[in-house]
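Protein chains in written order, with our numbering: chain F, 1 to 115; chain S, 116 to 228.
Structure, as structure tokens:
Below, the structure written as structure tokens:
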């Protein structure tokens, strides 16, 4: 069982919809991440939060809006998505970021389909 | 720009074999390297993390080595089992500016009973 919980597991949305993906961890980790993974490809980093502050935005389009309400929760707000945004969205957490790395713990992802 | 390559892309072995997965990276200036496994439709599971100052890490039947100067890491799996079937990904945390992992494309392992 994963210690990072993502909801929903599956999401189908139209291009005009607004939806949110949610991620929760209770391991006391201070860094949280959003990754996007297309079929048969490695994960691509989207955002990193460190101590609840956005530290990395990998030039992600503004139709994706991250939010970190507290150290245990991470949201990804979706608006006006395109069909090519369909992918597996993975949340991850780690004790910290930086030179002395700590292992990333991933959730099982949200399978998003944009119609 | 850091690039990570994993060879082979796919590997099929009979149960019980010992096997080695390879990972190479172009820029040897890294903080650490992680090995993950991913089962179909699931998230990634961290297997081993090697800091740049370390040579190897072991967990159960898994052993990962790191040769930073040559830009290589190997994941050794002893006495493989059908449950080891998954895609194995290598990722490096590079000193090149941002604290992000650069992933290889993975090796898809099938262990046949």
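Virtual Cβ for every residue (Gly too), placed ideally from N, Cα, C.
Note that the structure is a prediction, hence the values are computed from the model and not measured.
Please decide whether residue i counts as near chain S, where near means a Cβ-Cβ distance under 7 Å.
i	result
residue 108(F)	yes
residue 28(F)	no
residue 45(F)	yes
residue 14(F)	no
residue 103(F)	yes
residue 76(F)	no
residue 90(F)	yes
residue 42(F)	yes
What are the partner residues of residue i, as DSSP defines its beta bridges?
i	result
residue 150(S)	163(S) and 205(S)
residue 34(F)	47(F) and 91(F)
residue 67(F)	75(F)
residue 20(F)	77(F)
residue 139(S)	120(S) and 187(S)
residue 6(F)	23(F)
residue 80(S)	Residue 80(S) lies beyond the stretch modelled for chain S, which goes from 116 to 228, so this question has no answer here.
residue 13(F)	114(F)
residue 105(F)	93(F)
Measure the beta-carbon distance from residue i to residue j and round it to whole angstroms, keeping in mind my assumption that it falls under 8 Å.
i	j	result
residue 152(S)	residue 162(S)	6 Å
residue 123(S)	residue 222(S)	6 Å
residue 70(F)	residue 52(F)	7 Å
residue 76(F)	residue 66(F)	6 Å
Can the beta-carbon of residue i be found less than 7 Å from the beta-carbon of residue j?
i	j	result
residue 36(F)	residue 46(F)	yes
residue 6(F)	residue 110(F)	yes
residue 117(S)	residue 142(S)	yes
residue 43(F)	residue 218(S)	yes
residue 181(S)	residue 174(S)	no
residue 29(F)	residue 94(F)	yes
residue 90(F)	residue 106(F)	yes
residue 24(F)	residue 72(F)	yes
residue 195(S)	residue 128(S)	yes
residue 101(F)	residue 208(S)	yes
residue 32(F)	residue 78(F)	no
residue 149(S)	residue 220(S)	no
For the beta strand (DSSP E) containing residue i, list its first residue and its last residue.
i	result
residue 170(S)	Residue 170(S) -> no beta strand (DSSP E), and no H or E assigned at all.
residue 181(S)	177 to 182
residue 62(F)	Run containing residue 62(F): none; DSSP gives neither H nor E here.
residue 82(F)	Run containing residue 82(F): none; DSSP gives neither H nor E here.
residue 57(F)	53 to 57
residue 125(S)	125 to 129
residue 215(S)	From DSSP, residue 215(S) is part of no beta strand (DSSP E); its letter is neither H nor E.
Strictly under 7 Å for the Cβ-Cβ distance: is residue i near chain F by that measure?
i	result
residue 191(S)	no
residue 203(S)	no
residue 175(S)	no
residue 178(S)	no
residue 212(S)	At residue 212(S) the pLDDT is 48, less than 50, meaning the model places this residue with poor confidence; the figure from the coordinates comes in the next sentence. Not an interface residue.
residue 140(S)	no
residue 161(S)	yes
residue 223(S)	no
residue 158(S)	yes
residue 220(S)	yes
residue 215(S)	yes
Tell me which residues of the region 52 to 68 of chain F have at least one Cβ-Cβ distance to chain A shorter than 8 Å, keeping chain order. Here the protein chains are F and S, and chain A is not one of them.
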